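*Asks:*
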Amino acid sequence: MLTYTLRRLLVAIPTLLLISLVIFLLVDLAPGSPASEIPLTVPAEVKAKMIEAMGINEPVHIRYLLWLKQFFWTEPLYAIDAAFGTDFADNAPRIISYSSKVPVIDYIAERLPQTLIVIGSAYVIAILIALPIGIYSAYRQYSWFDQIGTFVSMVGYSVPTFFTGLLAIIVFTSWLGWFPSIYNTSLRVVDWASFKQQVTQMFLPVAVLALFNAAELSRYTRSSMLENLSQDYARTARAKGMSERTVVLKHVLRNSLIPVITVITLGMPAIFAGAIVTEQVFKINGIGAALIGAIHVNDLPVVQTIAFITAILIVLFNLVADILYGILDPRIRYD
Amino acid sequence: MKLRTALLGAVAVAGLAPAAFAERGADGHVNVLYWQAPSILNPYLSSGTKDVETGSLVLEGLAGFDEKGVVIPRLVETIPTVENGGITEDLTQITWKLKPGLLWSDGTPVTSADAKFTWEYCTHPEGGCAQAARYEGITAVETPDELTIVVKFSGPKPNPYQAFVGGTSPILQAAQFANCLGAAASTCSEQNFKPIGTGPFVVKDFKVNDVVELEANPNYRDPAKPAFATMTVKGGGDAQAAARAVLETGEFDYAWNTQINPEMQAQMAAAGKGVLLNGFGTLVERIEMNMTNPDPALPEGERSTTKHPHPILSDLNVRKALSMAIDRQVLVDVGYGAAGRATCNLVPAPEMFASPNTDCIKQDVEGAKALLEQSGWVDSDGDGVRDKDGVKLKLLYQTSVNPVRQDFQAIIKSFWNEIGVEVELKQVDSSVFFGGDAGSPDTFQKFYADVEMYANNFDGTDPEPYLAQYLCDKIPGPENQWQGENVNRFCDPAYDALVEELSKTSDMARRAEIAIRLNEMLTKDSYVVVPLVDRGRLSAASNTLGGVVLNTWDTELWNAQDWFRIK
Amino acid sequence: MTDATAATSAPDREDAPRSLWRDVWDQFRMHRGAMVGLWVLGILLVFVLLGPLVWTAEPIKVNPNTAQMFKSRNLPPSWDNPLGTDQVGRDIMARLMLGGKVSMAVGFVAMSVAVFLGTLIGLLSGYFRRLDGALMRLTDLFLSLPLLPLILVLTFLYGPYLRELFGPNLGTFFILIIAIGLTSWMHVARIVRGQVLAVKEREFVLAARSIGTPARRIITRHILPNVLAPVMVAGALGVANAIITESVVSFLGQGFQSDFSTWGSMLNSAYYNQTYPMQMVWPGLAISLTVLSVNYVGDGLRDALDPRIRGR
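Residue numbers (my numbering), protein chains in the order written: chain X, 1264 to 1598; chain C, 3 to 569; chain S, 5 to 316.
#1: Bridge partners for Met1313 (chain X) per DSSP, in chain order?
#2: At 4 residues or longer, and completely inside the region 51 to 99 of chain C: list those alpha helix (DSSP H) runs for me, N to C.
#3: Hey, Gly252 (chain C) and Ser541 (chain C) are a contact pair by Cβ (cut 8 Å); roughly how many whole angstroms apart?
#4: Run through chain X and tell me which residues come within less than 9 Å of Thr189 (chain C), C-beta to C-beta.
#5: Exposed or buried, which one is Val434 (chain C) when buried takes at least 16 other CB atoms within 10 Å?
#6: Against chain X, with Cβ distances strictly below 8 Å, would Gln91 (chain S) count as a contact?
#7: Under 8 Å between the Cβ atoms of Cys493 (chain C) and Ile516 (chain C)?
#8: Measuring only the C-alpha atoms, how far is Leu1394 (chain X) from Glu1479 (chain X)?
#9: Counting only beta-carbon separations shorter than 8 Å, does Pro164 (chain S) have a partner in chain C?
#10: Any heavy atom of the ligand MG closer than 7 Å to the Cβ of Thr125 (chain C)?
#11: Closer than 7 Å by beta-carbon distance: list the chain C residues that pair up with Pro172 (chain S), in chain order.
#12: Measure the Cβ-Cβ separation of Leu520 (chain C) and Leu473 (chain C) and say whether it is below 8 Å.
#13: Just how far apart, CA to CA, sit Gly130 (chain C) and Gly184 (chain C)?
#14: How would you call Arg1403 (chain X), buried or exposed, if buried means at least 16 neighbouring beta carbons within 10 angstroms?
#15: Looking at C-beta atoms only, is the number of pairs between the region 1376 to 1389 of chain X and the region 1572 to 1579 of chain X that lie closer than 8 Å three or more?
#16: Entirely within the region 114 to 200 of chain S and at least 4 residues each: give me those alpha helix (DSSP H) ranges in chain order.
#17: State the DSSP-derived secondary structure class of Gly276 (chain C), mapped to helix, strand or coil.
#18: Do you know how far the Cα of Tyr276 (chain S) is from the Cα of Gln242 (chain C)?
#19: Going by C-alpha to C-alpha distance, which of X:Asn1518, X:Ala1533 and X:Ala1570 sits closest to Arg1602 (chain X)?
#20: Please classify Pro352 (chain C) as buried or exposed, where buried requires at least 16 other C-beta atoms within 10 Å of its C-beta.
#21: Would you mind reading off the limits of the beta strand (DSSP E) that contains Glu215 (chain C)?
#22: My understanding is that Leu239 (chain S) touches Gly41 (chain S), with C-beta atoms under 8 Å, so please give their C-beta distance in whole angstroms.
#23: Going by C-alpha to C-alpha distance, which of S:Leu45, S:Ile47 and S:Gln91 sits closest to Pro63 (chain S)?
#24: Would you mind listing the alpha helix (DSSP H) stretches within the region 491 to 566 of chain C that are 4+ residues and don't spill past its ends, in chain order?
#25: Buried or exposed for Lys75 (chain S), please, with buried defined as at least 16 other CB atoms from any protein chain shown within 10 angstroms of its CB.
#26: Could you tell me the distance, in whole angstroms, from the CA atom of Gln485 (chain C) to the CA atom of Gln447 (chain C)?
#27: Spatial neighbours of Phe178 (chain S) within its chain, please: CB distance less than 7 Å, with the 5 preceding and 5 following residues excluded, ordered by chain position.
#28: Checking 8 Å against the spacing of the C-beta atoms, do Ala246 (chain S) and Val52 (chain S) come in under that value?
#29: First and last residue of the beta strand (DSSP E) that includes Ala271 (chain C)?
#30: Quick one: Cα of Leu241 (chain S) to Cα of Ser116 (chain S), how far?
#31: Which residues mark the beginning and the end of the beta strand (DSSP E) in which Gln400 (chain C) is found?
#32: Report yes if the CB atom of Leu152 (chain S) is closer than 8 Å to the CB atom of Ala1275 (chain X), and no otherwise.
#33: Whose C-beta lies closer than 6 Å to the C-beta of Ser357 (chain C) among residues of the same chain, with five residues either side of it excluded?
#34: Of all the beta strand (DSSP E) runs that stay within the bounds of the region 95 to 182 of chain C, which reach a length of 3 or more residues?
#35: Within the same chain, show all residues whose beta-carbon is closer than 7 Å to that of Ala142 (chain C), passing over the 5 residues directly before and after it, in chain order.
#36: What do you reckon, are the CB atoms on Leu43 (chain C) and Val60 (chain C) nearer than 8 Å?
What follows is the structure in C-alpha cells.
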C-alpha cells in the first residue's frame, strides 16, 4: 500500500506540472487585456506605464517559469516564515495580483474561511441528510417513501442552484425579510447573538447547496444499497436468522458505503467549483467570487493561481479516494 | 419618486450645528456599501473609483473640491490664487502653505517634504502611477520650509489645481512609503492597504475586494470630528442589492453608485427607509460620428483614416438630421430615470463651462426628413431607405456590451428607421472596445463603424484637456498605433486655434467663454458629437444618516468627517 | 403503439427472434419516470421547434414606436401575451421558444462533440494497445482540470475573440460548444475504452480478425455497435449538463448577449429586473423541466440497457 501511494504521488508531479502549464497558457494567451479596466480619463501614455509596471511585457515562458518558482518555492518559504517567524524568503518577489497588488496567496487565504464555512457545512449537512434517505429508500424500494425520495432527489439534482438560489432570495430575503441580503465576512462569532447572526446569514446558501448535494449523494447511496441488498451474502445473513437490523445496518450498509465514501471524497474539490455559482448568487466574498472578479478585470495571476490550486486539490483527492478504497475494500489490492 | 436632494442638503446644514458640538466618535458605527469592492487604498496604484473614494477616507490632498466644483482648502490655510499672490503672474508657479500643527494619524507632523515625496513617488518612471497625468508639466517641487510647498511648472498652467488636489492625488506619508518607490510600489501591500493619512478615519483591517474596517483618526485636525467612531466599507454584490440594502432592508447607511432601472428606483424609494441622491458631473453618453470612411473594401491601414472622408456623414445635414430624429427624454426614461437627463452638450458642467444650448432636446422627425431631402437624400427606389448618387443611407452603429446601451441601440435604430436611414447594430465586449489593443479591429479608437456610442467624462473641473482631445493631431491612425482621443477624426483649424488660446488664458470668465464656444463647435455647429444623456451619480443614503452631500467633483466620501447619526 | 397491444403481442412472438432494441424499449416503457420524462421532453421540443410557427410574436426586435413600446413593458400575463412581456415590451413566450431552441441546440451540439471525442479516444485507446497509455494519461489529465473555472476562463477570456470572428451570436455559440465539448468527453472515453477492451476479446471479433478484416472495419462493424448503448446513456445525461453549463455561463453574463434570448440570458436579465419575479420563473422553470426530463430519460435508458435489471 505504501509503495503504491508513493508511486501515485510521484506520478502526480508531472501531471500537476502539465496541468499548471495548460492553465497558465490558457489564461495567459487570452486576447483580453487588463488595460480595458482603466478608465478613459487616464491618458494612453500613463496607461502604457501602468501595464508595463505589471510585468506583462516579459515573454510568456519567462513568466511561466517565474510563476512556477514563486508558487512552489517562494510562497512555501513565506508560509514557513509566517508560521515560525523565520526569514528564509528574504523578500523574494511573490505572485502579486495585477489589480490590488496583494500577494495572491494571502488573498486566497483571506477568502478561504468564508468558502470553507459555507460550502463545507453545506456538504456536511448534505451527507447527513443523504445517507439515511438513500438507505431507507433502498431498503423500502418502490414504497411511497422511496418514490417521493427518488423524485425529490431527481428534482433537487436537476434544478440548477442559481435558479433555486434566486427564488429563495426573492421570497425569503426580499419579500419576507427573514435573512440579511449581504453576507458579512468580518462577523466574529463570540456570543449567542453573533452566532445567531452567522446562522441566519449562512442559512439560505447552505440550504440551497445542501439540497443539491444531498440529492446527488442519496441517489448514489440508494443504488449502492440496492446492489448489495440483492447479493448472496445478504441472503446468507438473513438465512442465518440475523435480525433485519443487523443485516441492513451492519452487513449491507458497510459494503454499500465503500463506493459512497469514494464519491464523497471525489466531490470535495467540487466544493470550489460549486462555490463559484453559489457565492455569486448569495454575494459571499469567497474564493469563487474572487475568481469571477479576477476574470472580469483580467487579473491573470489570481485566475491562474486559483485554478491551479483547485487542480491540485482534485489530484490530491483523487489519490485519497483511491487509497481509501484500497483500505476499505480488502479485495482491492494495488501492490 | 421623491428625490430629496435639496431637502437633505437643508437637513445637512441644519444638522451641522448640533454636530459641531458633538464629540468625536459619539455616534457609534456607520455602514457603507461599495458594491464594486475596494481592492487597494492607494489611489496612485489604481484608477478605479471605488479604490480612490475609499482611500479618500484616509488620504487627503492639500485641497479638494466641494459639491459645486469649487476648490476648498483641506491641509492648507487658503487656496493660492493669482490675486493673493499664491500663483505667479506668469502662471508657472504655485505656492501652498500647510496649516501649522497638522499631524498624521500616527502622531508625526505633516511637512512639505511629504508633498515633495508624493510627487517623486508618482513620477517615478517604473512606478506605473495611475495618476501621473495630474503631475504632468511639473519641473520641480521645492520645500523652502516645513510648511511651504512650491510647485514649478514647465510652462504657464492656467489650471494648477491638479497635483495634490482632490481624492485622486492625495499626500502620502514620506516615512511610510520611503521604500516603495518605483518598481517596489506594488510589493508594499501593508502600505497600500493601511496607508497613514490625515483624513477622518484610519484603516483597522483591510480585506481585498471585500471589506475595509476603519476607526476615527485620533489625530484628526478637528477634535470634534468625525462623529462616527468606526466605519465599515463593505464590498460585493451588485447595484441592485446595494440599493436594496439601504432603501428596503436598512442594513446599510450609505450605498455608492446604486445605478438601477427607473422603475426599481421608484419601488425601492417607496419603502421609505432612505433616499436616492443624485448629482450630475461631466459623464455624457454620446454618439460619435466617424468623419472618415470605415468601408471594409478599403485596404487595411486606410480604413477610417483621413485619406478617405466619409461618403455619408461628411454631409452636415445628415449628421444634424440624425441628431434631430432622436427623442432623448425617451432614452433617459428607459435607461437612467433620475440618474440621467437629456443634454445637447459635451461639457454639461461645471455650470460656468456649460453651453445654454437646448436645441436638440425636442425631437423633430419632420425637420430631420426635410433636411435630408434638402441635401438630396431621397428614397429613389422605394425600398424605405434613402439614397443619393447610388449610395444608400445605411449606417453601422457600434457600442460596447451593456444592457442599457443595447436598449438605447434598439430605440435609436427605430428613430433612424423613421427618417429613412437603415441601421445595422454591432456590440463589442467592453474589454475589447475599450481595450486599446492596436491589433483588434473593434476598439473605439479604430472606429471601424459609421457611428459609435459610449460615455466619457473629464477629471476635475477644468475641461481644457478634454476639449483638447479633438485637435487635428490627436486623430488615431496606423502611424500612431491607433492611439489618440480624437476618434471622430474631426479636424478644424479654427478649433485648434481656439484650444491654443484656451491654454494661454487664465482669466476664468474668458476660459469659460472659449470652452463654451469649443463645445458648441463640436455639437450644435457641426454635430460631429451628438450628446444624448448627461449621466449622473445615483447613490442611496439612509434616513438616519445626516450630513451627506453628494459630490461629483471629488470623491463621494469627501465630507465623511461631517456625517452624523440622526436620532 | 399502446401498452395494451404491446403487452399482448409480446408472448405471441415468444419464438420469433427479438431484437435487442425491442427488449430495451419494452423495459424502458416500464420505467414510469422515464416515460413521463420522454413525454415532457417531447412537448418541450414541440413547443420550442414548432411553437414559433403558431406563435408569431417577435422575440428579439423592440417595437420601434416608443409610445407603444412604453405601454407594453413588463405586462402581466394576458391573452395577447400568455406569459407577459419583458422590460422592453417583448413577448416572453416568443422569447422562451427562441431561447429554448438555442439552449437545446447548445446542449445537443456540445454533447455530440463530447460524445464524438470521447468515443474516438475510447476506441483508439481500447483497441490499439500502443496508444492506450498516452490517451488514458490525457484523459486523467483532463479529469484533473478544474472544469467549471476553466469553462468560465475559456468563455470569458476567449469569447470576445470568437465573437469578433463570427459575430456576437455565432461566436458565443462556438465558444460554448468548444468549452463544454472539450471538458466533458472524458467519462464517455473511459466507458467506451472499458467496453472495447471487453468486446475485443470476444469470439466474433477474433473470428473477424482471423479472416483478415482490417482494423477500421472491425471497429466500425463489430465493436462500435456493441459500445453504443452506454454511450447513449452518457450522451443523454451530457445534454442535461451542457444545458446547465450554458445557462450558468449566460447567467454570469458571458454567454449570449441580452438582446438575443437563451434561457440562461433571460434569467440573467430578469435578475436585473427583480420587480417582476415571474420573468425569472419562466426560463428557470424551462431549464429545470428540460434537465429533469432528460435525466429521467437517461435513468430509464440506463436501466433498460442494463441486462441485470432487464431480465427481472
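Cβ coordinates follow ideal geometry from the N, Cα and C atoms, glycine included.
What you are looking at is a predicted structure, and each value in this text was computed from that prediction instead of being measured.
*Replies:* Reading off the structure:
#1: By DSSP's assignment, Met1313 (chain X) forms no beta bridge with any residue.
#2: Counting only unbroken stretches of 4 or more residues, the alpha helix (DSSP H) elements lying wholly within the region 51 to 99 of chain C are 51 to 57, in sequence order.
#3: At roughly 16 Å, the Cβ-Cβ gap does not stay under 8 Å, so Gly252 (chain C) and Ser541 (chain C) are not in contact.
#4: Going along chain X in sequence order, the residues near Thr189 (chain C) (Cβ under 9 Å) are Asn1354, Pro1356, Arg1357, Ile1359, Lys1364 and Pro1366.
#5: Val434 (chain C) comes out buried.
#6: No, because no Cβ of chain X sits closer than 8 Å to the Cβ of Gln91 (chain S).
#7: In this structure, Ile516 (chain C) does not lie closer than 8 Å to Cys493 (chain C) by Cβ.
#8: In a straight line, the C-alpha of Leu1394 (chain X) is about 11 Å away from that of Glu1479 (chain X).
#9: Yes - at least one Cβ of chain C is within 8 Å of the one on Pro164 (chain S).
#10: Although the ligand MG was asked about, the structure shown includes no ligands whatsoever.
#11: In chain order: Gln429.
#12: Their beta carbons are not under 8 Å apart, which means Leu520 (chain C) does not touch Leu473 (chain C) by this criterion.
#13: So the alpha carbons of these two residues sit roughly 8 Å apart.
#14: Classification of Arg1403 (chain X): exposed, given that the 10 Å Cβ count is below 16.
#15: These segments do not touch.
#16: Complete alpha helix (DSSP H) runs here, min 4: 133 to 148, 151 to 157, 163 to 170 and 172 to 187.
#17: Strand, per DSSP.
#18: Rounded to whole angstroms, Gln242 (chain C) to Tyr276 (chain S) spans 7 Å at the Cα level.
#19: Examination of residue 1602 (chain X) is not possible in this model, given that chain X is present from 1264 through 1598 alone.
#20: Counting Cβ neighbours within 10 Å, Pro352 (chain C) comes out buried, since at least 16 surround it.
#21: From DSSP, the beta strand (DSSP E) with Glu215 (chain C) extends over Val213 to Ala218.
#22: Here the sequence assigns Gly to residue 239 (chain S), which means Leu is not the residue at that position. Not confirmed; about 15 Å, so no contact.
#23: Checking every option, the nearest Cα to that of Pro63 (chain S) belongs to S:Gln91.
#24: Within the region 491 to 566 of chain C, the complete alpha helix (DSSP H) runs of at least 4 residues are 495 to 506 and 510 to 522.
#25: With fewer than 16 other Cβ atoms within 10 Å, it is exposed.
#26: Straight-line Cα distance between these residues: approximately 7 Å.
#27: Correct list, in chain order: Leu166 and Phe170.
#28: Taking 8 Å as the Cβ cut-off, Ala246 (chain S) and Val52 (chain S) do not qualify as a contacting pair.
#29: No beta strand (DSSP E) contains Ala271 (chain C), which is instead part of the alpha helix (DSSP H) from Pro264 to Ala271.
#30: If you draw a straight line from the Cα of Leu241 (chain S) to the Cα of Ser116 (chain S), it is about 12 Å long.
#31: Bounds of the beta strand (DSSP E) holding Gln400 (chain C) are Lys396 to Ser402.
#32: Between Leu152 (chain S) and Ala1275 (chain X), the C-beta spacing is not below 8 Å.
#33: So the list reads Asn347, Ile518, Asn521 and Glu522, once near-sequence residues are dropped.
#34: Whole beta strand (DSSP E) segments, 3+ residues: 95 to 99, 140 to 144 and 150 to 155.
#35: The residues are Lys154.
#36: A contact, by the Cβ cut-off of 8 Å.
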